[in-house]
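Peer 1: Just dropping this structure here.
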Amino acid sequence: MTILAHRDYRQVETHEAEVAVIGTGAGGAVVGTELAEAGRDVLFVEEGGYHPTSSFNPYLTESLPRLFRDAGGTIIMGRPPIPYAEGRCVGGGTVVNGGMTWRPPEQVLMQWARLTGQPDLGPKAMEPVFDRVEQRIHAKPQHPSSIGEDSRLLERGARRLGWRYEPNRRAQDRCVGSNQCLTGCPTGAKQSTLVSYLPRALSRGARCLTEVRANRLWIENGRCVGVLGSGINPRTREEDVEVRVRAKAVVVACGAIQTPFLLLRHRLGRPSRQLGKNFLCHPNTKVLAIYPHDIYAWQGVSQGGQIREFRDEGILMAENAVPPGTAAAQIPFLGDEALELMKRYNAMAMTGVLVEDSHAGSVSRCLGAPLAKYSITPYDHERFLRGVRYLATLHFEMGAEKVILPFSNFHVANDVDDLAEIERTQRSRSTIELFTVHMMGTCRMGSDPRDSVVNMSGELWDLPGCYVADASLFPTAVGVNPQVTIMAMATLVAQRLRLPN
Ligand SMILES: Cc1cc2nc3c(=O)[nH]c(=O)nc-3n(C[C@H](O)[C@H](O)[C@H](O)COP(=O)(O)OP(=O)(O)OC[C@H]3O[C@@H](n4cnc5c(N)ncnc54)[C@H](O)[C@@H]3O)c2cc1C
Ligand code: SF4
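Have a look at this one:
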């Protein structure tokens, strides 16, 4: 098993492989593993470090900078600005995510088949691909003993109001509900690519260069023949070693922000001018309820299920318990007021509303860094206000003492009547506080070079030998947690990738 790190690199390194895969998250690990299992010589290039299960711990000050890009605090510019988080470690987003595994709704796959003119993206054709992925990551319902009181409270509330509530299937094997998914699963139960796909690839001879950032593609005679990158010192974060990989094909799987950022360096995507466009992100907002009794939301898996009653309106609701440090950063108070609220951490039910995108933003390059731009529309804003009202109503129905709202000019509702104020105070899109962890769509797949960035094999229309296999491929928003769809699309890319003789 070969996993190299910064300390292993000499001043200039050149590696060779049949296929170089940049990124080891939901897309990269899957495409690389499928290719290694098909007998290809695969080399992964990963910017983050290799952190095994035994190294995971719940201390945020240590875990966030180690496992997330910019410690999880980057911003999408727009109205309102939206903070986002990307995993940066071997396993990428799958190491830090909640492990929820929802297949896309049938209408979404039907729309993708229609938009691309290819029935093989339709629900029937994709079924065996999803079956394969789900079997490999053990997608299944939680054992009841691992579900916490906050999930049960939300489920009881939904049933009382006559709303549809569906238990989550998660990528897990014997999850004990320790609720530490965000900082890496310390038991190895969560089937991130670190413990599911990548060990399969490494056992088939794949190699992984960790702590290497791909800065450029290596292009010769109009064909992609490798990757030019730098080794990153994990202590100083300085790029101080040159690392090159020569390969017959390169798969870029850096996520929907970093992938277009890398490709735009070469002014690619010219046929359609769509590279970096169609940026989608499923924005979320938080609704925090304080109950008169303790709930201990930190016991039990985050998100035992979702309220799916309003799915057709593009609104999903779920609980999402976060550690005290993250909760404290999100509450709209300072000093004694913040302290008093945080003393009630055990009585908090942390819940959220996700709204499906109704339009797209963009990712571009600005001063050597990615610049993501996205604003919610008045229609999205109205759905957020509706979703917040629904959730807050549920909490009051279940006996909440007060609800902390996600508005910079209206923080607390003390009873259900206070919710009428939402209408009056929330006229501007700038006063709602959003965040996201589902970035998608910036290199969309298609069968017409005039409106897509890559073809149906994932290969760039204007750079033979260069493929994309991550969330960037989505033609539209998927409307649910995206990881299994990314994995399914990456499986397709592996099946279709062709090497030159
Ligand atoms: C906190 C959190 C919770 C989430 N919860 C869920 C959930 O429950 N269910 C779900 O379906 N989805 C969830 N998601 C989303 C899901 O994890 C992502 O959509 C998915 O991981 C994206 O896959 P990807 O392959 O596109 O990119 P990633 O998984 O982000 O992988 C990209 C990889 O590329 C590496 N990389 C980037 N740039 C470079 C470069 N230049 N050179 C070398 N390497 C590079 C990164 O370090 C990273 O490892 C969550 C995400 C987060 C952050
Ligand atoms: S809840 Fe705990 S045991 Fe279960 S997957 Fe998350 S971190 Fe692992």
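Start counting the sequence shown at -15; every next residue gets the next number (the numbering used here). Glycine included, C-beta positions come from ideal geometry on N, C-alpha and C.
Under 8 Å, do I66 and P267 count as touching if we go by C-beta distance?
Peer 2: Yes; because the gap between Cβ atoms is below 8 Å, this pair is in contact.
Peer 1: Spatial neighbours of W86 within its chain, please: CB distance less than 6 Å, with the 5 preceding and 5 following residues excluded, ordered by chain position.
Peer 2: V464, N465
Peer 1: The beta strand (DSSP E) with G252 in it runs from where to where?
Peer 2: According to the sequence shown, residue 252 is Leu rather than Gly. From DSSP, L252 is part of no beta strand (DSSP E); its letter is neither H nor E.
Peer 1: Could you give the C-beta distance for T243 and T8, rounded to a whole number, given that I count them as a contact under 8 Å?
Peer 2: That belief does not hold up - the Cβ atoms of T243 and T8 are roughly 14 Å apart, past 8 Å.
Peer 1: With a CB to CB cut of under 7 Å and the five nearest residues on each side skipped, what residues in its chain are close to A1?
Peer 2: D25, V26, L27, V229, A231
Peer 1: Closer than 6 Å is what we want: which residues have a beta carbon that near any heavy atom of ligand 2? List them in chain order.
Peer 2: G83, Q156, C159, V160, G161, S162, N163, Q164, C165, C169, T171, A173, K174, V285
Peer 1: Does ligand 1 have a heavy atom nearer than 7 Å to the CB of R230?
Peer 2: no
Peer 1: If distances are taken between C-alpha atoms only, which option among A273, V437, G352 comes closest to M382?
Peer 2: Relative to M382, the option among A273, V437, G352 whose CA is nearest is A273.
Peer 1: If you draw a straight line from the alpha carbon of M487 to that of Y275, how long is it in whole angstroms?
Peer 2: Past the edges of the chain, shown from -15 to 485, lies residue 487, and the structure says nothing about it.
Peer 1: So, under 8 Å CB-CB, Q486 and H122 are touching, yes? Tell me the CB distance rounded to an integer number of Å.
Peer 2: Past the boundaries of the shown model lies residue 486; the chain is included only from -15 to 485, so the question cannot be answered.
Peer 1: So T460 and W96 are supposed to be a Cβ contact under 8 Å. How far apart are they, rounded?
Peer 2: 7 Å
Peer 1: Between the segment 32 to 44 and the segment 158 to 172, are three or more C-beta pairs nearer than 8 Å?
Peer 2: Below 8 Å, enough C-beta pairs join the segment 32 to 44 and the segment 158 to 172 to call them touching: three or more.
Peer 1: Output needed for G12: all residues of its chain with C-beta closer than 6 Å, excluding positions within five of it in sequence on either side, in chain order.
Peer 2: Around G12: V5, A237.
Peer 1: Quick one: complete alpha helix (DSSP H) runs, 4+ long, within the segment 103 to 162?
Peer 2: 107 to 120, 133 to 144
Peer 1: Let me know the secondary structure DSSP gives Q164 once reduced to three states.
Peer 2: Reduced to three states, the DSSP call for Q164 is coil.
Peer 1: What's the gap between the Cα of G495 and the Cα of A233?
Peer 2: Given a span of -15 to 485 for the chain in the structure shown, any question on residue 495 remains unanswerable.
Peer 1: May I ask whether a heavy atom of ligand 4 can be found less than 7 Å away from the beta carbon of V339?
Peer 2: Of the ligands one can find in the structure shown, namely ligand 1 and ligand 2, none is ligand 4.
Peer 1: Which value, in whole angstroms, describes the spacing of the CA atoms of Q164 and E111?
Peer 2: 31 Å
Peer 1: With DSSP run on the structure shown, which of helix, strand or coil describes Q95?
Peer 2: helix
Peer 1: Taking just the CA atoms, how far does G161 sit from Q283?
Peer 2: 7 Å
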